[in-house]
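Sequential numbering of the sequence shown, starting at 1048, is according to this note's numbering. Here's the structure we're looking at; comments come further down.
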Amino acid sequence: MGENITQKIIKSHLVSGEMIAGQEISIKIDQTLTQDSTGTMAYLQFEAMKIPRVKTKKSVAYIDHNTLQQGFENADDHKYIQTVAAKHGIYFSRPGNGICHQVHLERFGRPGWTLLGSDSHTPTGGGIGMLAIGAGGLDVAVAMAGGPYNLSMPKVCRVTLKGSLRPWVSAKDIILKVLQLLSVKGGVGKVIEYAGPGVLSLTVPERATITNMGAELGATTSIFPSDQQTREFLKAQGREDDWIPLVADEDAVYDEEIELDLSTIEPMIARPHSPDNVVSVVEEEGTKVDQVAIGSCTNSSYLDLMKVAKILKGKTVHKDVSLVIAPGSKQVYTMLAQNGALADLIDAGARILESACGPCIGMGQAPATDAVSLRTFNRNFYGRSGTSSAQVYLVSPEVAAVSALTGMVTDPRGFGKAPELDMPKSFLVNDNSIIPPADDGSEIEVVRGPNIKPFPLSSELADRVEGLVLLKMEDNITTDHIMPSNAKLLPFRSNIPHLSNYCLTPVDETFPARAKENKGGFLVAGHNYGQGSSREHAALVPLYLGIKGVIAKSFARIHKSNLINSGIMPLVFEREEDYDLIDVNDRLELVDAISQVKAGGLITIRNITKDIDIRLRLELSTREREMILAGGLLNLTKKTRS
Ligand code: MIC
Ligand code: SF4
1048 MGENITQKII
1058 KSHLVSGEMI
1068 AGQEISIKID
1078 QTLTQDSTGT
1088 MAYLQFEAMK
1098 IPRVKTKKSV
1108 AYIDHNTLQQ
1118 GFENADDHKY
1128 IQTVAAKHGI
1138 YFSRPGNGIC
1148 HQVHLERFGR
1158 PGWTLLGSDS
1168 HTPTGGGIGM
1178 LAIGAGGLDV
1188 AVAMAGGPYN
1198 LSMPKVCRVT
1208 LKGSLRPWVS
1218 AKDIILKVLQ
1228 LLSVKGGVGK
1238 VIEYAGPGVL
1248 SLTVPERATI
1258 TNMGAELGAT
1268 TSIFPSDQQT
1278 REFLKAQGRE
1288 DDWIPLVADE
1298 DAVYDEEIEL
1308 DLSTIEPMIA
1318 RPHSPDNVVS
1328 VVEEEGTKVD
1338 QVAIGSCTNS
1348 SYLDLMKVAK
1358 ILKGKTVHKD
1368 VSLVIAPGSK
1378 QVYTMLAQNG
1388 ALADLIDAGA
1398 RILESACGPC
1408 IGMGQAPATD
1418 AVSLRTFNRN
1428 FYGRSGTSSA
1438 QVYLVSPEVA
1448 AVSALTGMVT
1458 DPRGFGKAPE
1468 LDMPKSFLVN
1478 DNSIIPPADD
1488 GSEIEVVRGP
1498 NIKPFPLSSE
1508 LADRVEGLVL
1518 LKMEDNITTD
1528 HIMPSNAKLL
1538 PFRSNIPHLS
1548 NYCLTPVDET
1558 FPARAKENKG
1568 GFLVAGHNYG
1578 QGSSREHAAL
1588 VPLYLGIKGV
1598 IAKSFARIHK
1608 SNLINSGIMP
1618 LVFEREEDYD
1628 LIDVNDRLEL
1638 VDAISQVKAG
1648 GLITIRNITK
1658 DIDIRLRLEL
1668 STREREMILA
1678 GGLLNLTKKT
1688 RS
């Protein structure tokens, strides 16, 4: 039987387990990436493992998230990461060099290799044919230490692309269409593998836009074949030697199949507050716009920004619109500067930011009260922009640029001829902002500013676990709800005690105080709890607050792993309707916890307040059970080593 691309890469990296969907496997990781907002924690954990030098083929530490330096905190974190990277064999991408996913695609990504990144949009690398997976910082630390990455063997869903895109329609519209079809839960447990004749017409940066936003489907990752387009891209980056052909066998088998005719896709838009709340732009046309933001790891490539520059050239941004643009990398930025496109953007009235995540993670440019913000980003979760009353919409660079001129949501198809652009034959390559590690790191001193605080560790599972239900939440609670991130909070990513004062406050402002007063307890939630970011702070902070278990209808993949790594039980209702049997302030009790977790079957929890038993599933592998019993991954590692 033939193999698909996912199976080929997994097979060549398989360390243990059988490639049967749903079963736990472990794979060897070739490359890792971290960024600064998850990196500090990942490197603190790496240091705790006492491994002198990373064992991967290449590990890169990027600084791209926390670049607003309002106080010493971010700059301290940058120094810590720079020195810890130099010491332990990790390449350091300086602030200003660009967004991790964009730079990694340009300079390091390799077809057929595996990449584990402490950022949920790591699957951007799938655009170049790598198996690129987002994970919590601790999993990335383990991979840097040479350990395999454990995951459940995904199902593979083939999305066959036919035909070609019409003018003014672009890669962003394809992935918004897929989100409309599959929803933010539609990719859970799956790899989305793109195939078919339509693939050929998409360049690597366009493919990367699509795989990037596969994260919003909840997918393990997304991947494109490695073909002539991939070769051209690598050649233009001066890396043709990194190219290998990689396509699915003709008789490859898939678990699911979808077909998309590219010629039927229209410009699309995701309405507030979810990336799958997608309609055609036509349906939203005329809505007045206050802010337009172009950039992020989804849409900040050279081609994307050149399109924007062509649309804006010689025109003026609407008087009521603030247009902000953040080029994705130093390479993109310099090329725009050299060919004059940057001047066109500035001249039209755009506000140009440094090459970083910026407004995508609320690092500046928060919109005005009740403002409508149109963004080329990937997430429009409630409050993420830094302004909770803002209405954030997600669109393509074309829709963003045209709407910035008209001052309202505009279907670009009425705007004349679409800009036409070819992939450059060569990109400007200058890696002078990527600092290689020291040959011998033993002499390097790691600099730790006062913002670097120790991370919390769980303790072994008690045999009786008891506590109050502190919150009852709905479906699709995001990590931006659990551990909000914005310009004020991101500087404290290495300071869990400080962050704990903000945990789950977008859901209930009284939560941190109540959690502290009651010395922790339980959380109850609906489906897809913890969707979004890979930030393990969404588990470490609840751990710090004494949360013992989260009882939900279902969990998002990365967050579930982060909970287990932290020793918090992710419990799933055996019968969904039992969600109605628990209320806030109910007292729950889990007796014989150790034997119940060890047994691996159903777990019975008692709702003391309502005097009823509720059956829950702890859907964990044997290894994960051991983690819960030991109080998390680091405790388990210590235990097995001693
Ligand atoms: C995001 O887009 O939400 C982030 C910020 O990049 C996160 C990482 C983080 O929270 O630091 C992600 O996607 O994993
Ligand atoms: Fe940065 Fe936004 Fe991409 Fe996250 S989604 S890595 S914050 S640009």
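Glycine residues also receive a C-beta, built at the ideal position from the N, C-alpha and C atoms. Here the structure is a predicted model, which is why all the values come from computation and not from measurement.
Taking the alpha-carbon of residue i as reference, which of the options has the nearest alpha-carbon?
i       : options                               : result
Ile1291 : Val1494, Glu1279 and Ser1450          : Glu1279
Ser1435 : Phe1119, Tyr1349, Pro1553 and Asp1487 : Pro1553
Pro1142 : Pro1158, Gln1116, Gly1159 and Ser1601 : Gln1116
Pro1444 : Gln1438, Thr1457, Ser1432 and Gly1433 : Thr1457
Ala1572 : Ala1534, Glu1564, Lys1357 and Phe1620 : Phe1620
Arg1431 : Ala1534, Leu1475 and Pro1374          : Ala1534
Asp1658 : Arg1634, Gly1172 and Asp1323          : Arg1634
Gly1145 : Arg1653, Pro1374, Thr1651 and Gly1396 : Pro1374
Does the beta-carbon of residue i have 16 or more other beta-carbons within 10 angstroms, so that it is buried, or is it exposed?
i       : result
Met1048 : exposed
Lys1566 : exposed
Leu1247 : exposed
Gln1385 : exposed
Leu1163 : buried
Lys1134 : buried
Lys1472 : exposed
Arg1604 : buried
Gly1461 : exposed
Asp1486 : exposed
Gly1361 : exposed
Phe1119 : exposed
Ile1072 : buried
Gly1194 : buried
Arg1622 : exposed
Asp1124 : buried
Ser1269 : buried
Can you tell me whether DSSP reads residue i as helix, strand or coil?
i       : result
Asp1478 : coil
Pro1617 : strand
Arg1460 : helix
Phe1424 : coil
Ser1063 : strand
Gln1378 : helix
Ala1218 : helix
Lys1685 : helix
Ala1317 : strand
Gly1164 : strand
Asn1051 : coil
Phe1139 : strand
Phe1569 : strand
Asn1498 : coil
Arg1662 : strand
Where do the ends of the alpha helix (DSSP H) carrying residue i lie?
i       : result
Asn1612 : Arg1604 to Asn1612
Leu1526 : Sequence check: residue 1526 is Thr here, not Leu. Segment Thr1526 to Ile1529, the alpha helix (DSSP H) holding Thr1526.
Thr1453 : Pro1444 to Thr1453
Ser1073 : Taken as a continuous stretch (DSSP letters only), Ser1073 belongs to no alpha helix (DSSP H), being part of the beta strand (DSSP E) at Glu1071 to Ile1074.
Please report the distance separating the alpha-carbon of residue i from that of residue j.
i       : j       : result
Leu1359 : Met1353 : 10 Å
Tyr1477 : Cys1404 : First, the amino acid is wrong: residue 1477 is Asn here, not Tyr. One C-alpha to the other measures close to 21 Å.
Tyr1138 : Ile1481 : 7 Å
Ser1450 : Gly1488 : 51 Å
Ser1402 : Gly1647 : 48 Å
Val1328 : Gly1454 : 14 Å
His1112 : Glu1303 : 36 Å
Thr1526 : Arg1582 : 7 Å
Arg1286 : Leu1383 : 21 Å
Pro1544 : Val1588 : 8 Å
Val1238 : Leu1293 : 16 Å
Gln1284 : Met1470 : 11 Å
Glu1153 : Cys1344 : 12 Å
Lys1126 : Val1493 : 8 Å
Val1336 : Val1231 : 25 Å
Ile1175 : Arg1426 : 22 Å
Lys988  : Met1191 : For residue 988 there is no data in the structure shown, the boundaries of the chain being 1048 and 1689.
Ala1108 : Thr1085 : 10 Å
Ser1063 : Ala1447 : 46 Å
Val1419 : Ala1340 : 11 Å
Ser1541 : Lys1645 : 33 Å
Asp1660 : Asn1654 : 6 Å
Can you determine whether any heavy atom of ligand 4 sits closer than 8 Å to the C-beta of residue i, and answer yes or no?
i       : result
Asn1498 : Absence of ligand 4 from the depicted structure is noted, with ligand 1 and ligand 2 being the only ligands included.
How would you write the range of the beta strand (DSSP E) that residue i sits in, first residue to last?
i       : result
Thr1207 : Lys1202 to Lys1209
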